[in-house]
C-alpha cells in the first residue's frame, strides 16, 4: 500500500526519476530518463492530475490532464488511482491503471499491462498491489484482488485471484507458483520479464 508519510511533490518526482534509472539497465543518465522515458512522463502527469483529483471541484481538469498525458505517452492512469513511491513503468505503451487501483512502493510495471476492473459497479473494483511487485509485459491483473508484497506476475498472465506475498503468478488463467529463493532482478526469469 502507498505510504502515508510523503515527501514533497518535487522530491517524489526525483524519486520516480531515480527509480527508472535504477530499474532500467539501458538508462545511461538521469537526463536521458527525464527527457526520453514515456513511463516516467506518464507517472509525473498522473501525480499532477492526482493532486487536482483530490482538490474539491477539480475532478474535470484532473481527467482532462490525464487524457492529455494518455495522448502524449500511450499510458492511461486514472487520476483517482493511488500510486506509491518509486514507481516505474518500463517502456510504457499500452499500460492502463484503473480508478480504484492501489499500487505500493517500489513497484515495476512493463508495457501492455492492465490493472483493470471486472465490474461496472461503483466502489473498489481494481487490484491492490503490495510493495515491490513486478508486473510482466502484457499481464492483465483484474478485479478487486490483492497481489502481495514482492510478488511477480508473469508476462501475458491473466490474474483474477489473489497472489500471496513472494509468489509468482503465470499463465492464463494465472496460477500461483511458490518461489524457493528470494527474487533477484539480476537473474533472468523468462516467466516474468519481456
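Residue numbers (this note's numbering): 173 to 366. We put the CB at the ideal spot given by N, CA and C, even for glycine.
Less than 8 Å between the CB atoms is what I'm expecting for residue i and residue j, so what's the real figure, rounded?
i           : j           : result
residue 273 : residue 244 : Contact doesn't hold; Cβ gap of about 21 Å is too wide.
residue 315 : residue 338 : No, residue 315 and residue 338 are not in contact; Cβ-Cβ is about 21 Å, not under 8 Å.
residue 248 : residue 268 : 5 Å
residue 262 : residue 211 : 6 Å
residue 205 : residue 189 : 6 Å
residue 312 : residue 331 : 7 Å
residue 297 : residue 286 : Not a contact, Cβ separation roughly 13 Å.
residue 246 : residue 270 : At roughly 16 Å, the Cβ-Cβ gap does not stay under 8 Å, so residue 246 and residue 270 are not in contact.
residue 281 : residue 299 : So it is not a contact: roughly 11 Å between Cβ atoms.
residue 277 : residue 303 : 5 Å
residue 323 : residue 283 : Their Cβ separation, rounded to whole angstroms, is 19 Å, which puts residue 323 and residue 283 out of contact at 8 Å.
residue 225 : residue 251 : 4 Å
residue 325 : residue 259 : Wrong, their Cβ atoms sit about 15 Å apart, outside the cutoff.
Between which two residues does the beta strand (DSSP E) harbouring residue i extend?
i           : result
residue 312 : 312–314
residue 260 : 260–262
residue 349 : 347–349
My output table needs one value for residue i: the three-state DSSP class, helix, strand or coil.
i           : result
residue 327 : coil
residue 317 : coil
residue 300 : strand
residue 305 : coil
residue 362 : Here residue 362 scores only 47 on pLDDT, less than 50, and its place in the model should not be relied on; the value that follows carries that caveat. Coil at residue 362, not helix or strand.
residue 187 : helix
residue 214 : helix
residue 202 : helix
residue 208 : helix
residue 196 : coil
Note the first and the last residue of the continuous alpha helix (DSSP H) segment covering residue i.
i           : result
residue 335 : Looking at the DSSP string, residue 335 is not in any alpha helix (DSSP H), and its letter there is neither H nor E.
Starting from residue i, follow its DSSP beta bridges and name the residues at the other end.
i           : result
residue 344 : Paired residue(s): none; residue 344 is not in a bridge.
Can you give, in chain order, each stretch of the alpha helix (DSSP H) that sits fully within the region 217–287 and has at least 4 residues? Secondary structure within the region 217–287: the alpha helix (DSSP H) runs of 4 or more consecutive residues, fully enclosed, are 231–245 (chain order).
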